[in-house]
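I have placed the structure first, in the form of structure tokens, so that the comments after it can refer back to it.
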Amino acid sequence: MKYYFYAIGAIFCWASLPVATGSGLDEFSTEELMFYSFASATVFLYIQDILINRSAKIHLPGWRVSLMGIWGIFLYHYVYYQALDLVPLAEGAILATTWSFWIVVFSSFFIFRRLKLSILLIAFVGLCGAGMVIAAGKELSFDLVYMQGYLLALLCGLIWSSFSVGLSRMKRETNHEPMTAFTLYAALLSAVLFILTMPHEVPSTAGLFSAVYLGCVPLGLSFFLWNRAMNGGNLMVIGFLSYFTPPLAVFLVAVIKKEAVSGQVLLGMVLILAASIVGKLVLDRSQKQV
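Counted from 1, the sequence shown has number 101 at position 101 by full-length UniProt numbering; the numbering is strictly sequential.
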């Protein structure tokens with residue numbers, strides 16, 4: 001059960017980003033945002049490692065695990081930021097959110113050795129619910145002009161889902177939690193990008209605070225929690241739980257700003273909740289039959 005609390009903790013970290021940073025990240029280019037956020041994330045995770053392990057040593061995993069980390073941490077975020085620069089925010093966020101869908105789909109193959117139609121349909125319902133939440137109050141228009149950005153956003157979903165599923169299978173190859181090393185790799189690669197695209201303006205205090213918050217919580221802390229969730233929890237259940245990221249973000253903003261939550265958001269939340277409950281019941285029943 002504790003692994004699902006780790007997953008929920010990571011989801012809350014991601015959901016806190018809009019309310020905590022507002023528009024504070026708008027002033028950064030992709031290279032600047034990568035540099036400041038991953039530098040902060042690395043420091044955060046390194047200090048956390050020292051406190052937990054009572055050691056200042058950074059454990060670097062083997063090359064196969066390291067490549068997986070670069071794929072899932074550095075490449076995912078670089079592609080994600082690029083995608084959101086090329087498409088309207090709502091459309092890009094909906095397409096990038098497909099990683100929750102793909103985690104459920106991939107998990108079906110690992111658990112049942114095939115893709116169960118019932119699981120696929122339930123995962124699609126959850127995805128529709130997440131899309132309704134993100135699209136609430138916005139006019140969606142998937143214009144072909146933004147096709148490159150759409151494809152990048154969809155690629156994000158495949159990168160993060162494959163990385164997340166890979167985390168559950170990498171535990172046999174490393175005796176230490178690899179997220180600090182993964183984030184260090186991302187920070188070094190981000191520093192190279194930052195240098196290659198200089199000069200950069202000095203960020204404002206508010207912007208720097210937003211980037212540091214992004215690094216410490218939606219990146220650093222969430223990486224730590226997500227890795228623990230993936231290493232012990234049922235991937236399919238965690239995939240369904242991750243659909244709650246958009247509605248939690250909306251609710252946090254509504255609570256802090258004392259705004260009303262639209263009926264579309266509530267309906268999307270109901271669809272996600274229904275998909276999660278039905279998905280868990282179908283999973284339990286199917287596993288008993290295996």
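Heads up, the beta-carbon is just placed ideally off N, CA and C, and yes, glycines get one too. Here the structure is a predicted model, which means the values were calculated and not measured.
> Are the segment 214 to 226 and the segment 25 to 44 touching by the rule of at least three beta carbon pairs closer than 8 Å?
Replying inline: Enough Cβ pairs lie closer than 8 Å, so yes.
Please state the DSSP three-state secondary structure of D284. In this structure, DSSP gives D284 a helical state, which the three-state scheme calls helix.
Can you give me the C-alpha to C-alpha distance between T98 and H200, rounded to a whole angstrom?
Going by the C-alpha atoms only, they are around 33 Å apart.
Determine the closest residue to I272 out of F244, P18, S107, with distance taken between C-alpha atoms. If we check each option's Cα against that of I272, F244 comes out closest.
So, at 8 Å on beta carbons, what are the nonlocal neighbours of A206 in its own chain, with the 5 sequence-adjacent residues on each side left out? Taken in chain order, the residues that qualify are G24.
* **Residue interval of the alpha helix (DSSP H) (run including S29)** => No residue range can be given for S29, since it is assigned to no alpha helix (DSSP H) and is classified by DSSP as neither H nor E.
Do L235 and I103 have their C-beta atoms within less than 8 Å of each other?
In this structure, I103 lies closer than 8 Å to L235 by Cβ.
- prompt: How many Å lie between A7 and W226 at the Cα?
  reply: Going from the Cα of A7 to the Cα of W226 covers about 6 Å.
- Message: In whole angstroms, give me the CA-to-CA distance for G279 and S16.
- Response: Each residue's Cα considered, the two are about 26 Å apart.
Please state the DSSP three-state secondary structure of M198. Assignment of M198 by DSSP, reduced to helix, strand and coil, places it in the coil class.
**Prompt:** Does the segment 258 to 266 come within contact of the segment 127 to 141, defined as at least 3 CB pairs closer than 8 Å?
**Reply:** Result yes; three or more Cβ-Cβ pairs closer than 8 Å.
In the structure shown, what three-state DSSP assignment does L25 receive? If DSSP states are grouped into helix, strand and coil, L25 belongs with coil.
- In the DSSP assignment, find the unbroken alpha helix (DSSP H) run with D85 in it and report its ends. For D85, the enclosing alpha helix (DSSP H) begins and ends at 76 to 86.
- Message: Any contact between the segment 75 to 82 and the segment 24 to 38? By contact I mean 3 or more CB pairs, one from each, below 8 Å.
- Response: Between the segment 75 to 82 and the segment 24 to 38, the count of Cβ pairs shorter than 8 Å is three or higher; the stretches touch.
- Message: Determine whether the beta carbon atoms of S168 and M230 lie at a separation below 8 Å.
- Response: Contact flag set, yes.
ask   = What are the boundary residues of the alpha helix (DSSP H) that includes T98?
value = Start and end: 98 to 112.
Rounded distance between the beta-carbons of L95 and L144, thought under 8 Å:
For a cut-off of 8 Å, the C-beta gap from L144 to L95 is around 14 Å, too long to register as a contact.
### Query
To the nearest angstrom, how far is it from the Cα of V65 to the Cα of H176?
Just so you know, the alpha carbons of V65 and H176 end up roughly 11 Å apart.
- Message: Check this for me: beta carbons of V19 and V253, under 8 Å apart or not?
- Response: The answer is yes: Cβ separation under 8 Å.
**Study point:** Coil, strand or helix - E177 by DSSP
**Key:** Secondary structure at E177: coil, using DSSP grouped into helix, strand and coil.
- Would you check if the distance between the CB atom of Y185 and the CB atom of I70 is smaller than 8 Å? Against a cut-off of 8 Å, the Cβ pair of I70 and Y185 comes out as a contact.
- Heavy atom of the ligand NAD less than 7 Å from the Cβ of G215, yes or no? Of ligands this structure carries none, so the ligand NAD is not represented either.
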